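Residue 20 in numbering that gives the first Met the number 0 sits at position 21 of the sequence shown, and the numbers go up by one each step.
Note that beta-carbon positions come from the ideal geometry of N, C-alpha and C, so glycine has one too.
Note that this is a predicted model, so its numbers are computed, not measured.
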Amino acid sequence: MKEELLQEEKGYLSGPLSRLNELKFAINVFWEMIKGYRALHFVGPCITVFGSARFKEDHQYYSLAYETGKKLSAVGFTVMTGGGPGLMEATNKGAKEHGGKSVGCNIVLPFEQYPNPYLDHWVNIKYFFVRKVFLVKYSIGFVVLPGGWGTMDELFEALTLIQTKKIENFPLVLLGVSYYQPMMDFMNKMIEQGTISAEDMDYVFMTDSVDDAIKHIEHYALKRFKKTVRYKRLRFLGE
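Put into structure tokens, the structure is as follows:
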């Protein structure tokens, strides 16, 4: 099934298709959106935590992610991750084992990714771009732990949305100074070259302290948290 999905995506991204196939893909995307809305409509407001799927329980970053999930849930946030193994699992585990709400938005891949066992609610999404909509839509802040291509993709998309004012008062914490310092140095070079503005970095906060990360998120996310509308479930819709 996953291999078939991969071939479908490769086919779609290979260039123009017949009108019927383009319509079919658009309908598939529509249903993925509806599935996500139904699964995640009542879970927030969330703090979304990104990080690698590859770190195991014996790694220091796994412990850091666990502590992040634990302390985010302690101050009342729903913890959302990409739903998979590694640091995502550790974060969900920290929230789940300390009485917090734990949510995942899992991407369907032919390898590596599967829903971890510490999720109260989750949804499996076929397409990366649909998944990223939900990770932002139901979140009022990001914590970015060490990760690879996927984590960097999510990080820079969030920064782009902040820079272009698509989202506002949206705190973004980089957790792991030794891992992210070279990237911060490069961002400062971008400021020097004028490709980004100094104020674009106002919401980026780098630390090794989970407690400092929580304080930063609370400071910037409080207004968004208070303004978040809570909707009631409608039984006739099966909610």
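Inset, instruction - In angstroms with no decimal places, state the Cα-to-Cα distance between M200 and R18. - result: 43 angstroms
Legend entry - Residues near G147 in its chain [Cβ-Cβ closer than 8 angstroms; skip 5 each side]: S51 and R53
Inset, instruction - Quick one: measure Cβ to Cβ for K131 and E156, integer angstroms, because I've assumed they're closer than 8 angstroms. - result: 6 angstroms
Legend entry - Beta-carbon proximity list for E88, same chain, < 6 angstroms, skipping 5 on both sides: N115
Inset, instruction - Compute the distance between the beta-carbons of G93 and G68, then report whether it is under 7 angstroms. - result: yes
Legend entry - Residues that F49 bridges to, as DSSP identifies them: V143
Legend entry - Residue environment, K165, which counts as buried when at least 16 other CB atoms sit within 10 Å: exposed
Inset, instruction - Give a yes or no on whether 7 angstroms exceeds the smallest Cβ distance from T206 to chain B. - result: Structure shown: chain B not included; a single protein chain is present.
Inset, instruction - Could you say which of H97, I195 and H120 lies nearest to T163 if we only look at CA atoms? - result: I195
Inset, instruction - Keeping to the same chain, check which residues put their C-beta closer than 7 angstroms to that of K214; ignore five residues upstream and five downstream. - result: none
Legend entry - Simplified DSSP state of L118, which is helix, strand or coil: coil
Inset, instruction - Alpha carbon to alpha carbon, how far is M186 from V78? Give it in angstroms, no decimals. - result: 28 angstroms
Legend entry - Inter-residue spacing [alpha-carbon to alpha-carbon] between F24 and H120: 26 angstroms
Legend entry - Where E31 falls, given that 16 or more other Cβ within 10 Å makes a residue buried: buried
Inset, instruction - Decide if I33 is buried, meaning its Cβ has at least 16 other Cβ atoms within 10 Å, or exposed. - result: exposed
Inset, instruction - Just tell me which of A73, Y65, G82 and E56 has its CA closest to the CA of L39. - result: G82
Inset, instruction - For N20, count neighbouring C-beta atoms within 10 Å of its own C-beta (all shown protein chains included) and say buried if the count is 16 or more, exposed if not. - result: exposed
Inset, instruction - Could you tell me if V122 is buried or exposed, where buried requires 16 or more neighbouring beta carbons within 10 angstroms of its beta carbon? - result: buried
Inset, instruction - State the DSSP-derived secondary structure class of S208, mapped to helix, strand or coil. - result: coil
Legend entry - A220 beta carbon less than 7 angstroms from that of G99: no
Legend entry - Three-state class that DSSP yields for V42 in the structure shown: coil
Legend entry - Residue span of the beta strand (DSSP E) that contains L174, given as start and end: L171 to L174
Inset, instruction - List the residues that DSSP assigns as beta-bridge partners of M79. - result: T47 and V102
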